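Each remark here refers to the structure printed beneath this line.
Residue numbers (my numbering): 288 to 467.
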């Protein structure tokens, strides 16, 4: 939300907010989103829906992924405000799978991320994430792949989830052997 000056990571005073909420309503007649400021709920900010001219639409192959940068940045800012601070977020990259978006998060100070695949873990580390959680059990050859990532991206802390101690024992042994 531009009025909060989040592009400069200005989070002073946001910790005092108690569980803020965002209200978005869309009116069919005006096709306008009305967002109420998280800091001043009496202030309305209007964001018009993105428009693509017909001539431009004809040039875009179908199917295509179209990202409205201003809307994306406003959404990132809203999440930062709701969280209160960048270190309280751990976005899951499976929702976008794009290095460019990871870099936007890192520029905003969000360095903790979650991934569903080892390829996503590598993309996150390459884009500047410094704390990556793999949200599934690494088993079999994936144990070696995780250790190789930890070796390749030594500035990044990797963690995994597990529901059985055997994979954790194997991962621990492999990590100790590789000194990571």
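C-beta atoms are modelled at their ideal positions from N, C-alpha and C, and glycine is treated no differently. Predicted model, so just to flag it, every value in this text is computed and none were measured.
Do you know how far the Cα of residue j is from the Cα of residue i?
i: residue 407; j: residue 346; result: 31 Å
i: residue 320; j: residue 443; result: Legend: pLDDT at residue 320 = 34, less than 50; position of this residue unreliable, value from coordinates given subsequently. When rounded, the distance between both Cα atoms is 39 Å.
i: residue 385; j: residue 353; result: 13 Å
i: residue 459; j: residue 371; result: 34 Å
i: residue 396; j: residue 383; result: 18 Å
i: residue 439; j: residue 465; result: 11 Å
i: residue 356; j: residue 426; result: 38 Å
i: residue 456; j: residue 376; result: 29 Å
i: residue 398; j: residue 369; result: 17 Å
Considering Cα atoms alone, identify which of the options is closest to residue i.
i: residue 415; options: 435, 370, 445 and 341; result: 445
i: residue 361; options: 456, 467, 454 and 388; result: 388
i: residue 431; options: 461, 358 and 390; result: 461
i: residue 420; options: 368, 381 and 357; result: 381
i: residue 391; options: 363, 375 and 369; result: 363
Per DSSP, what kind of secondary structure is residue i in: helix, strand or coil?
i: residue 426; result: coil
i: residue 461; result: helix
i: residue 466; result: coil
i: residue 446; result: strand
i: residue 397; result: coil
i: residue 304; result: With a pLDDT of only 31 at residue 304, under 50, the local geometry of the prediction cannot be trusted, and no value is derived from it.
When you compare the stretch 422-430 with the stretch 392-406, are there three or more beta-carbon pairs, one atom per stretch, that lie closer than 8 Å?
yes
Going along the chain, which unbroken runs of the beta strand (DSSP E) with 3 or more residues stay wholly within the stretch 329-388?
331-335
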